[in-house]
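J.: If you scroll down you'll find the structure; I have some questions about it.
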Amino acid sequence: MASANVPVAIEGLAYAYGEGELRRPVLRDINLSIHAGEIVLLTGPSGSGKTTLLTLIGALRAMQEGQCTVLGQQLLGATEDQRVLLRRRIGYIFQQHNLLGFLTARQNVAMSLELDPGSTEAERLARAGAMLEAVGLADRADAPPSQLSGGQRQRVAVARALAGTPGLILADEPTAALDRVSGQEVVHLLRDLARSRGVPILLVTHDPRILDIADRIIEMEDGRITSGQPVD
Amino acid sequence: MNELRRLDLPAAPPATRPPRGMNALLPARLAWRQLRAERARLFTAIAGVMFACVLVFMQLGFRAALFDSATALPQAMHGELFLVNPMTTAMFKPEQFPRVRAFQTLADPDVAQAVPIYLSFATWRNPETGVRRTIELIGFDTATGAVAFPGLENVIEALKRPDTIAFDRKSRPEFGDVPRLLAERGPFEVQIADRRLEIVGLIEIGPSFGADGNAVMSETNFRRIIGQRKSSNTDLVALRLSEGADIPAVQARLRRLLPADVSVVTYTELVAWERDYWENATPIGFIFMFGSLMGLVVGMVIVYQILFSDIASHIPEYATLKAMGYAHAYLRRAVMSAALLLAVLGFIPGLLTSIGLYEVVASATFLPLEMDLNRGATVFCMIFAMCAAAGLLAVRKLRDANPADMF
Ligand SMILES: Nc1ncnc2c1ncn2[C@@H]1O[C@H](COP(=O)(O)OP(=O)(O)OP(=O)(O)O)[C@@H](O)[C@H]1O
Ligand SMILES: [Mg+2]
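Chain order of the listed sequences is A and B.
Under this note's numbering, think of the first position of the first sequence as 1307, with each following residue one higher.
Under this note's numbering, think of the first position of the second sequence as -2, with each following residue one higher.
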């Protein structure tokens, strides 16, 4: 059931790209709940619709059919303003770090706090600094992204996603651009930080080496969820 | 970790709309940081705005200076009201009217003095080379003070003698270096029309579009040179009113008193009359407007290019900001802030350069180029509008930053 203490509740979701003749369904009859503090991994072959599902949950795309309640917000028929507001309560981690090159690591993290009208600049920078410390980058806080390694950049992205105290973390192949060691580092960091805050994570990955962080692994194929067994 | 916990902000309450104006300066700061990061781009943009700024300042400066010099003659008039033939379009080609109109105005108790002024052109022979040029002759009773050319007070007595003139020291150099000759030889003879006349001194008027050089003389001497003219006609009458007279009231009374072959105008109207001719009846005003517009268009294209490429090279980052909950309007404000920052950053050096150029041009051409607050404000508004237009064009590129394509 859709309720505020089930961060993500999806029932009968379907989605298709294109219109008319070109209309191509990519998601069919998706039912999925993510519980508070749960870490869910989403895997499946390329083109099975994982990214599409993630953008729908993340309110980056308008819903077409079904029920999808994220952090208490019903997404079917939600207005653009409602979706913008919901996005502020979700932390995103992308395959590319997408940090702003003209800002330092600290300023990049602070960007996710500037949307809070009540915060002061000093509070934001202090909090951003604390977040960077939590991802082990306290000494690189004032470096621009161009002077950081790939793994460090992705750690800044993790700090940015978590700084705004989100109710949900969405990540799409966050380790795809990283080598094995830094990939492991980043997801373990993400897991630990999310755990300590009780934030649920939905993470899309092809990387078998990081499956160990999951509470549950969901597999998709051709737009459907084929299995969703809990990991012990 | 405890530290972090304590700082944790409460989960945002579900609102129906994103709050407006959280901090109006944050988008501007983002814009500034982005501009600052790419020095070469920033300087190109500033140079573009500066270029437009200098071009517009120069065009407006020349325009004002030319109109100023074109109206030098009416501006030198000392009088509260003037009589002009309504068909006169500009001072350099006046239509005549009966001189008796001047005396008729004296019937009004508030008209203290009516001074006819005669204007005509004649051939001047350069005293050094003998080459002939056309000079404007201005004849009036120089003792009346109805025209206040600088330097006139020194030659009033001398001009009462027959066949004497005072020469405009600002006449174009083609008339010969009269001031030097005068200093070397003292008063000397020159040829105007077919008469020999004595230059007894110098006054200042300045060349205009209509006349390259000027000479001032008494009414009698004017008639001796321009013999073929009907002596009962004049070109302009300056009226001096008694102390404290109500100018509009006198103007209205004279209007009723005089026949329709003369117009009664105030000093301001007389100057505006002359200015209107040059501004509207000639392409001069249009040419300067066109020049300014070209400058603004070029500036706008440069600013647009810079803003556009700044957006284009940050599409993934902008899309990420949108995914984080930044509204499209916020990013639009950042782009507009960048545009307006460029307006300010380009205007300041543009203004300083223009002040310098004004001085250079003023000393090279005698055109009275001067910066004033009014023009500064006008140009700033134009530059501001130019950058805003560039910003509005560039903002459309933001649509490409679509967070749904980010994952
Ligand atoms: N913007 C789009 N317009 C049209 N079709 C799209 C669009 N994005 C994705 N698709 C199609 O929808 C299907 C699902 O794509 P999606 O990106 O969700 O797959 P995925 O599971 O994330 O694949 P991968 O593992 O390769 O990232 C694919 O067949 C893809 O071609
Ligand atoms: Mg994908």
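C-beta: ideal position from N, C-alpha, C; glycine also.
On a predicted model such as this, the values are computed, not experimentally measured, just so you know.
1. State yes or no: is the C-beta of Ser205/B within less than 9 Å of the C-beta of Ala69/B?
2. Shortest alpha-carbon distance to Asp1274/A belongs to which of Leu1443/A, Gln1401/A, Glu1429/A, Val1332/A?
3. Would you report the Cα separation of Val1312/A and Ala1483/A, rounded to the nearest angstrom?
4. Just the residues with CB closer than 5 Å to a heavy atom of ligand 1, in chain order, which are they?
5. By DSSP, does Phe146/B sit in helix, in strand, or in coil?
6. Are the Cβ atoms of Ala1342/A and Pro1331/A separated by less than 9 Å?
7. Using a beta-carbon distance cut-off of less than 7 Å, what residues from the stretch 1392 to 1404 of chain A approach chain B?
8. Just grab the DSSP bridge partners of Gln1373/A for me.
9. Ser360/B and Gly203/B: beta carbons closer than 9 Å?
10. What runs of the alpha helix (DSSP H), each 4 residues or longer, lie entirely inside the stretch 1398 to 1435 of chain A?
11. I'd like to know if Met1369/A contacts chain B, where contact means its C-beta is closer than 9 Å to some C-beta of that chain.
12. Suppose contacts are defined by Cβ-Cβ distances below 9 Å. Is Leu149/B in contact with Leu342/B by that definition?
13. At a Cβ cut of 9 Å, what residues of the stretch 29 to 52 of chain B count as close to chain A, listed as they run along the chain?
14. Could you name the residues of the same chain whose beta carbon sits closer than 7 Å to that of Gln1458/A, not counting the 5 residues immediately before and after it, in chain order?
15. Would a C-beta distance cut-off of 9 Å place Ile417/B and Leu395/B closer than the cut-off?
16. May I ask whether a heavy atom of ligand 2 can be found less than 8 Å away from the beta carbon of Val1510/A?
17. Along the stretch 302 to 334 of chain B, what residues have a CB closer than 8 Å to any CB found in chain A?
18. Going along chain B, which residues have a C-beta under 7 Å from Gly1418/A?
19. Counting only beta-carbon atoms, is Leu338/B nearer than 9 Å to chain A?
20. Does ligand 2 have even one heavy atom less than 8 Å from the beta-carbon of Glu402/B?
21. Measuring only between beta-carbons, confirm whether Ala25/B sits less than 9 Å from chain A.
22. Going by the CB atoms, is the gap between Ala1434/A and Ala1416/A shorter than 9 Å?
23. Measuring CB to CB, does Tyr264/B end up less than 9 Å from Gly76/B?
24. Tyr323/B by DSSP, collapsed to three states: which one?
25. In three-state terms, what does DSSP make of Met214/B?
26. What first and last residue would you give for the alpha helix (DSSP H) that runs through Thr1539/A?
27. Just to confirm, are Thr1410/A and Ala1463/A a CB contact at a threshold of 9 Å?
28. Ends of the alpha helix (DSSP H) at Val1332/A?
29. Using a Cβ-based criterion (distance less than 8 Å to any ligand heavy atom), does Glu1249/A qualify as near ligand 2?
30. If you count every other CB in all the chains shown that lies within 10 Å of the CB of Ser334/B, and 16 or more means buried, which is it?
31. Go through its chain and collect everything with a Cβ distance to Ile223/B's Cβ below 6 Å, but skip five positions before and after it.
32. With DSSP as the reference, label Val1441/A as helix, strand or coil.
33. With a threshold of 16 other CB atoms inside 10 Å of the CB of Glu1325/A, please say whether the residue is buried or exposed.
34. Considering only C-alpha positions, which residue in the set Asp1528/A, Leu1509/A, Glu1525/A is nearest to Ile1519/A?
35. Going along chain D, which residues have a C-beta under 9 Å from Gly1350/A?
36. Can you pull the chain A residues whose beta carbon is under 8 Å from the beta carbon of Ala401/B, in chain order?
T.: The structure says:
1. yes
2. What the structure shows of chain A is the stretch from 1307 to 1538, and residue 1274/A is not part of that stretch, so it cannot be assessed.
3. 32 Å
4. Tyr1323/A, Val1332/A, Ser1352/A, Gly1353/A, Ser1354/A, Gly1355/A, Lys1356/A, Thr1357/A, Thr1358/A
5. coil
6. no
7. Arg1393, Arg1394, Arg1395, Tyr1398, Phe1400, Gln1402, Asn1404
8. Glu1317/A
9. no
10. 1411 to 1417
11. no
12. no
13. Arg30, Gln31, Leu32, Arg33, Ala34, Glu35
14. Leu1443, Arg1446
15. No answer is possible for residue 417/B: it lies beyond the span of chain B, which begins at -2 and ends at 404.
16. yes
17. His311, Pro313, Glu314, Ala316, Thr317, Leu318, Lys319, Ala320, Met321, Gly322, Tyr323, Ala324
18. First, the residue type needs correcting, since residue 1418/A is Ser and not Gly in the sequence shown. Simply Met321.
19. no
20. According to the sequence displayed, residue 402/B carries Asp and not Glu. No, the Cβ of Asp402/B stays beyond 8 Å of every heavy atom of ligand 2.
21. no
22. yes
23. yes
24. coil
25. strand
26. Nothing about residue 1539/A can be reported from this structure: the residues present for chain A run from 1307 to 1538 only.
27. no
28. Taken as a continuous stretch (DSSP letters only), Val1332/A belongs to no alpha helix (DSSP H), being part of the beta strand (DSSP E) at 1330 to 1340.
29. Chain A is shown from 1307 up to 1538; residue 1249/A falls before or after that span and cannot be answered.
30. buried
31. Ser117
32. coil
33. exposed
34. Leu1509/A
35. No chain D appears in this structure, whose protein chains are A and B.
36. Thr1361, Leu1366, Arg1367
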